[in-house]
C-alpha cells in the first residue's frame, strides 16, 4: 500500500466519522423573513422552511396581529395551499390590515404534534383589501351540512358567516375559504349568505337553499289511531335525522323506507279528524294535498242521568281518542275533565262550580273527539242544591277602589240594592247610576235605565206593585264630603223610567225599607222610655209608612219591647219581611254572650214576638231569603266558604236556628239575597257570581 | 489590522539574508488563526431576508496544523487541519442568535505554489507562497433559541445543537521564513468561501477572511547526490 493510498483511507475514515455525528432536529422549522412591498393593498410576507421535521406537515403560513406573538388560534392566518417543502415562500397579504397600524408577523408550520413559529417581525401597515365572496358551495344543502364560502381576503379571526342572519359555526377557515356548518335553527328555505368582518358586510351573489321533502301521495286516507300510512314522495333520505312526520300538529312515529317512501303511524295525539299529513325535513314543512280522515266517533249512551258536580259520568261508544284529554266532553257548556278512556267507554268528571258556570241544570252532553262532535239527545240533570247562575255582565266588573286614584282591585257589587218583582230581581244603585235586571227564569242580565239621582251608598227602598221606590243614603261616599240626602224616586218597571217624588221627611242613610201586606215602610230608628222601678227600658220601633197614591209619608210605631239595659240595644236589623211579619234582630241579648235576639214584628197588629236567638252576632250586612215557609239568614253574606259560614234557617216548630248546606265557592261578602218561587238566590258582593239555592233537591 | 499585516510582510521581504539553507522536502506547520466573516447584517435567501448567522459572529479564533511535502521546487502538496471557534453574535437590530456559537474542524488538502529555494540570498531563507485548498468542514453549531417558538408539550427547545458537514474552497497567500534548517515561521492570509445548508439560519454561504501566524518545523530535506 502506497503512502498516498494510506492518506486517502485516513481522510475518508475521518469524514465518515464526522458525518455520523450529524444531528437531526425533530420539530419542523421555519424562518420569518422581513416584510416587504408594503402599500395600500397590503404587504409581502416572506418565509423559508428550513426543516420539515419527522412528521407530515399539516399546514404552514403566516399569522399576524396588532399585538406581539400572534398565534394560529387568535391571530389572522394565511395558509399556503401547496405541499410543504424546504424552501422560500412568499405571499401578498391584504386581509384585515388597517392603515397606520403596527402589525407583528410570524411564520408558522405545524404537524400533528408540534407547531413552530418563526421569529416575530413587524411592519407599519398602509392598508389592505376588503373580503370578497366569489362563490358558495353547495347552493342546495341540508341542516348540519357543510357550506363552503370561497373568496379572497377572508379574515380567519373575525369572519362571521350568517345564513339568513343566523350565525353559522365555522369549521375551518383560511384566507380564501370558510367552511361552516349550516345552523340547525335555519328555517327559511332560501337564504342569503353573508360574511361580516371588521364591520364590513359582503353578500354572496348566490343564495343557499335548504332541500325540502316532497310529498306526492299517501295511502290510506281514512283510518284511526295506530293505523299505518305509507307516504310517497322524494328527498326523504337527504337529511334523515331531521325528518319529522306530522298528522296535523301531532308528531307521528315513522320509518324511512327509502328516499321515496315513509311508513308512518297515525299518532294517538292526533286531535284533528280531518287533517293534512306533513313531512318536515331541514325545517322545511311539506304538507299533503289530500287530507287524512279519522273514523268518526260514535256515542250510544251515558250514565247516570242525574249527577252532582264533582261526580262522574260514563259515556259508551267507540272511536275515542287514546289520549284522555283529547276526548272533550262539554256538559252544559262546561268542559268536563276526562279521567279515563277505553276502547268503548269514556269517563269524565263534572267540574266544580268554583270555576264552572253551567248554562242549565238540565245540561246537554256534547262529545268532541278531534273535531268530530256528537251530542246526546238526553240531558244530564245537575242536582246540586246550590247551583251557580250566570255571572254578571262584564260591565259589573268596573270595580271601585278604596280611593279615587287607587287601582281597580275588585268587583264593586257590594251592598247593592235588590228589589224583586215577579221573577226578576232589580239590582244596583250602590253608589252607581247602574241599574240591572236579573231574570231568574232565563238566567240573563239586562241593563235598565240609569238612575237619574245622585249616586249614593246606603240608600233604601221597597217595592210597591209594579214600581220600585228608592232614596235617601250618603252621597260623595268615597270622599270627605259625605252627605245624608233625602231625595225619593220611583222606578216604573213597565216603562223602564225613573220619576222623582216628594222627598223623604228626613235626610238619612242606612234606613230600613220593607214592605209587607200592610204597606211600605221606612224606618230609621227607635225611641225609648225608662221605668225606674222596676228598672227597664221600653223601646218603640218607629217607621214612616209611604202612601204611593198621594206620594206622602206618615209616622207609625210598628212595635215596642222592654229591655233590662240600654247598652245592649245597639241597633235593629230587619232580617226579613214575610207577609205582615218582619224578622228583626235587636242586637246582643247580653253583653259578651254573642248571640243576637230575633223578634218577629207584626206590623198589622203592632205585636212583637221573641224567638230563638240567632247563633251569632248579626250586623247591618245580613242577607236572607224565605223559601218553603222558612227564613234563611246569613251574617254578612258569605265571607268565605266554610261550614261556619253557612246559612241558618228558623225551625219554627222547634224554635231553633239550624245550619243549612251552603255550597258557595266565592266571596259574596256584602252581597245580596232574595227568593223567587221557593228558590233562594245569593250573589254579587265582592264578586260577579250568582247562585241559586234549592233545598228541595 | 490589515495595515499592520501589510507592513510586516514588506519588512520581512526587505530583509537581506545569508542563510545557506538546504531546500525543504517535508514541513509541518503549527499556527494560530484569527479572522472575520464578511457580509451584511441580514441575509437574503431568494427574497427571504433574515439576520445572518455568520456575518454577525464577531469573535473568531482557531488553530491550524499543516503538513506539506514539496513535490517540485515550486509545488507543495499536503493537508491542513484547522480548528475554529466563532462566538459573540452581535446585531444592532436583532437578537436572533444572541449567545450562539460555532466550532468547526476543517480538513483541507492543500495545493501550494511557492517561490523556489535559492542557494543564497533572501529566497534561501524566505519563501512566498499561494495556496488553494478545498475545505471539508465539520461544524458544531450551538444556537440559543431566540428564533423559534416551538409549541410542543413534551420537549423544550432552549438551545439547538447541530453538527453540520459542509464544503468550501479556501485560497490564501503568505510567506515563511527559515531561521534554521529546522525551524521557521510563517504568516499568511486566507479567504474561505463556505457553502452550508443549516435549518437554523438562512445563510447558505459565508466568506471567512482569516489571518494565520505560526511556526514551521522541517521534517526532511531534499536529498542531493553529487557524482
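Protein chains in written order, with our numbering: chain A, 1 to 697; chain B, 1 to 227.
Even glycine gets a Cβ: it sits at the ideal position worked out from N, Cα and C.
All values derive from a computational prediction rather than experimental measurement.
**OP:** Please list the residues of the region 42-69 of chain A that have a C-beta atom closer than 8 Å to any C-beta atom in chain B, keeping them in chain order.
**Re:** 46, 47, 48, 50, 51 and 69
Subject >> Beta carbon proximity, residue 48(B) to chain A, threshold 8 Å >> reply: Mapped onto the second chain, residue 48(B) falls at position 48. Taking Cβ atoms only, chain A reaches closer than 8 Å to residue 48(B), which makes this a yes.
**OP:** Could you tell me which uninterrupted beta strand (DSSP E) segments, each at least 3 residues in length, are contained entirely in the region 593-680 of chain A, listed from first to last along the chain?
**Re:** 596-602, 607-614, 623-627, 630-634, 648-651, 656-659 and 672-676
**OP:** Please work out which residues of its chain come closer than 6 Å, Cβ to Cβ, to residue 165(B), disregarding the five sequence neighbours upstream and downstream, and give them in chain order.
**Re:** Here the question's residue 165(B) lines up with position 165 in the second chain. Contacts found: 138.
Original post:
Could you give the residue range of the alpha helix (DSSP H) that holds residue 122(B)?
Top reply: Along the second chain, read from residue 1 onward, the residue named residue 122(B) stands at position 122. Counting along the chain, the alpha helix (DSSP H) containing residue 122(B) begins and ends at 122-125.
Original post:
Taking the alpha carbon of residue 154(B) as the point to measure from, which residue in 135(A), 115(A) and 143(A) has its own alpha carbon closest?
Top reply: The residue you call residue 154(B) lines up with position 154 of the second chain. Among 135(A), 115(A) and 143(A), the Cα nearest to that of residue 154(B) belongs to 115(A).
**OP:** Go through its chain and collect everything with a Cβ distance to residue 79(A)'s Cβ below 8 Å, but skip five positions before and after it.
**Re:** On the first chain, position 79 is the one that residue 79(A) refers to. The answer, listed in chain order, is 59, 60, 61, 174 and 175.
**OP:** Have a look at the DSSP bridge pairing and note the partners of residue 313(A).
**Re:** Working through the first chain from its first residue, we reach residue 313(A) at position 313. DSSP output for residue 313(A) lists 348(A) as bridge partner(s).
**OP:** Could you work out which residues of chain B lie near residue 194(A), taking near to mean beta carbons separated by less than 8 Å?
**Re:** The residue labelled residue 194(A) in the question sits at position 194 within the first chain. What residue 194(A) touches in chain B: nothing, since even the nearest Cβ is about 34 Å away.
Subject >> Residues of its chain near residue 336(A), where Cβ-Cβ distance is below 8 Å and the 5 sequence neighbours each way are ignored >> reply: Position 336 of the first chain, counting from 1, holds the residue named residue 336(A). The residues are 313, 329, 330, 348, 349, 350 and 351.
Original post:
In three-state terms, what does DSSP make of residue 325(A)?
Top reply: For the purposes of this step, residue 325(A) is identified with residue 325 of the first chain, where counting begins at 1. Here residue 325(A) sits in helix by DSSP.
Original post:
Sorted by chain position, which residues of the same chain lie with C-beta nearer than 8 Å to residue 421(A)'s C-beta, five sequence neighbours on each side aside?
Top reply: Residue 421(A) sits at position 421 when you count from the first residue of the first chain. Answer for residue 421(A): 463, 466, 468 and 493, listed in chain order.
**OP:** Could you please give me the residues that DSSP links to residue 38(B) through a beta bridge?
**Re:** Within the second chain, numbered from 1, the residue matching residue 38(B) stands at position 38. Answer by DSSP bridge pairing, in chain order: 207(B).
Original post:
Can you give the Cα-Cα distance for residue 104(B) and residue 95(A), rounded to whole angstroms?
Top reply: The residue you call residue 104(B) lines up with position 104 of the second chain. The residue you call residue 95(A) lines up with position 95 of the first chain. Distance between the alpha carbons of residue 104(B) and residue 95(A) is about 45 Å.
Original post:
Between which two residues does the beta strand (DSSP E) containing residue 51(B) stretch?
Top reply: In the second chain, counting from the first residue as 1, residue 51(B) sits at position 51. Taken as a continuous stretch (DSSP letters only), the beta strand (DSSP E) holding residue 51(B) covers 48-51.
**OP:** Using DSSP bridges, identify the partner residues of residue 46(A).
**Re:** As a position in the first chain, residue 46(A) is number 46, starting the count at 1. Answer is 90(A), bridged to residue 46(A).
**OP:** Would you mind stating whether residue 222(B) and residue 23(B) have Cβ atoms separated by less than 8 Å?
**Re:** Along the second chain, one-based indexing puts residue 222(B) at 222. Along the second chain, one-based indexing puts residue 23(B) at 23. Yes, the pair counts as a contact, with Cβ atoms nearer than the cut-off.
Original post:
Are residue 207(A) and residue 190(A) touching if we call contact CB-CB under 8 Å?
Top reply: Along the first chain, read from residue 1 onward, the residue named residue 207(A) stands at position 207. Along the first chain, read from residue 1 onward, the residue named residue 190(A) stands at position 190. Yes. Within cutoff.
Original post:
In three-state DSSP terms, what is residue 394(A)?
Top reply: On the first chain, position 394 is the one that residue 394(A) refers to. Helix, per DSSP.
**OP:** Identify which residue in 149(B), 134(B) and 185(B) has its Cα closest to the Cα of residue 195(B).
**Re:** Against the second chain, residue 195(B) aligns to sequence position 195. The residue with the shortest Cα to Cα distance from residue 195(B) is 134(B).
Subject >> 8 Å Cβ cutoff, residue 24(B) in contact with chain A >> reply: As a working mapping, residue 24(B) is identified with position 24 in the second chain. No, residue 24(B) lies away from the interface with chain A (no Cβ there is under 8 Å from its Cβ).
Original post:
residue 27(A) CB to nearest chain B CB: under 8 Å?
Top reply: Working through the first chain from its first residue, we reach residue 27(A) at position 27. True, the Cβ-Cβ gap to chain B drops below 8 Å.
**OP:** Please determine, among 170(A), 161(A) and 235(A), the residue with the shortest C-alpha to C-alpha distance to residue 200(A).
**Re:** To locate residue 200(A), count along the first chain from 1; it is residue 200. Residue 161(A) is the option with its Cα nearest to residue 200(A).
Original post:
Which bits of chain B does residue 113(A) rub up against, with CB to CB less than 7 Å?
Top reply: Here residue 113(A) is taken as the residue at index 113 of the first chain, counted from 1. Those within 7 Å of residue 113(A) in chain B are 152.
**OP:** Please look up how many angstroms separate the CB atoms of residue 168(B) and residue 192(B), rounded, as I've assumed it's under 8 Å.
**Re:** Here residue 168(B) refers to the residue found at position 168 of the second chain. Here residue 192(B) refers to the residue found at position 192 of the second chain. Yes, they are in contact, since the Cβ atoms of residue 168(B) and residue 192(B) sit about 5 Å apart, within 8 Å.
Subject >> Neighbour list for residue 203(B) in chain A, Cβ cutoff strictly below 9 Å >> reply: The residue given as residue 203(B) occupies position 203 in the second chain. The contacting residues do not exist; residue 203(B) stays about 11 Å from chain A at best.
Original post:
Since residue 667(A) and residue 688(A) are thought to touch, with beta carbons under 8 Å apart, how far apart are those beta carbons, to the nearest angstrom?
Top reply: Within the first chain, numbered from 1, the residue matching residue 667(A) stands at position 667. Within the first chain, numbered from 1, the residue matching residue 688(A) stands at position 688. Between residue 688(A) and residue 667(A) the Cβ distance is about 11 Å, and since that is not below 8 Å, they are no contact.
Original post:
Three-state secondary structure (DSSP) at residue 241(A)?
Top reply: In the first chain, the residue the question calls residue 241(A) occupies position 241. The answer is helix: DSSP assigns residue 241(A) an H, G or I state.
Original post:
Going by C-alpha distance, which of 192(A), 185(A), 152(A) and 140(A) is nearest residue 213(A)?
Top reply: For the purposes of this step, residue 213(A) is taken as residue 213 along the first chain, with counting starting at 1. Closest option to residue 213(A), Cα to Cα, is 140(A).
Original post:
Roughly how many angstroms separate the alpha carbons of residue 84(A) and residue 41(A), rounded to a whole number?
Top reply: Taking the first chain and counting its residues from 1, one reaches residue 84(A) at position 84. Taking the first chain and counting its residues from 1, one reaches residue 41(A) at position 41. Cα to Cα, the separation comes out at about 27 Å.
Original post:
So which residues of chain B does residue 88(A) contact, with C-beta pairs closer than 7 Å?
Top reply: Here residue 88(A) refers to the residue found at position 88 of the first chain. The answer, in chain order, is 45, 46, 47 and 48.
Subject >> Host beta strand (DSSP E) of residue 258(A) (start-end) >> reply: Within the first chain, residue 258(A) is the residue found at index 258, counting from 1. Counting along the chain, the beta strand (DSSP E) containing residue 258(A) begins and ends at 254-258.
**OP:** Measure the C-alpha to C-alpha separation of residue 303(A) and residue 315(A) and round it to an integer number of angstroms.
**Re:** Indexing the first chain from 1 puts residue 303(A) at position 303. Indexing the first chain from 1 puts residue 315(A) at position 315. Taking the straight line joining both Cα atoms gives about 7 Å.
Subject >> residue 142(A) versus residue 235(A): straight-line alpha-carbon distance, rounded >> reply: Residue mapping note: residue 142(A) aligns to position 142 of the first chain, counting from 1. Residue mapping note: residue 235(A) aligns to position 235 of the first chain, counting from 1. Their Cα atoms are separated by approximately 11 Å.
**OP:** Tell whether a beta-carbon distance below 8 Å holds between residue 99(A) and residue 202(A).
**Re:** Walking along the first chain from the start, residue 99(A) turns up at place 99. Walking along the first chain from the start, residue 202(A) turns up at place 202. No, the Cβ-Cβ distance between residue 99(A) and residue 202(A) is not below 8 Å.
Subject >> Within 8 Å, strictly: CB atoms of residue 670(A) and residue 415(A) >> reply: For this step, residue 670(A) is matched to residue 670 along the first chain. For this step, residue 415(A) is matched to residue 415 along the first chain. Closer than 8 Å, so yes.
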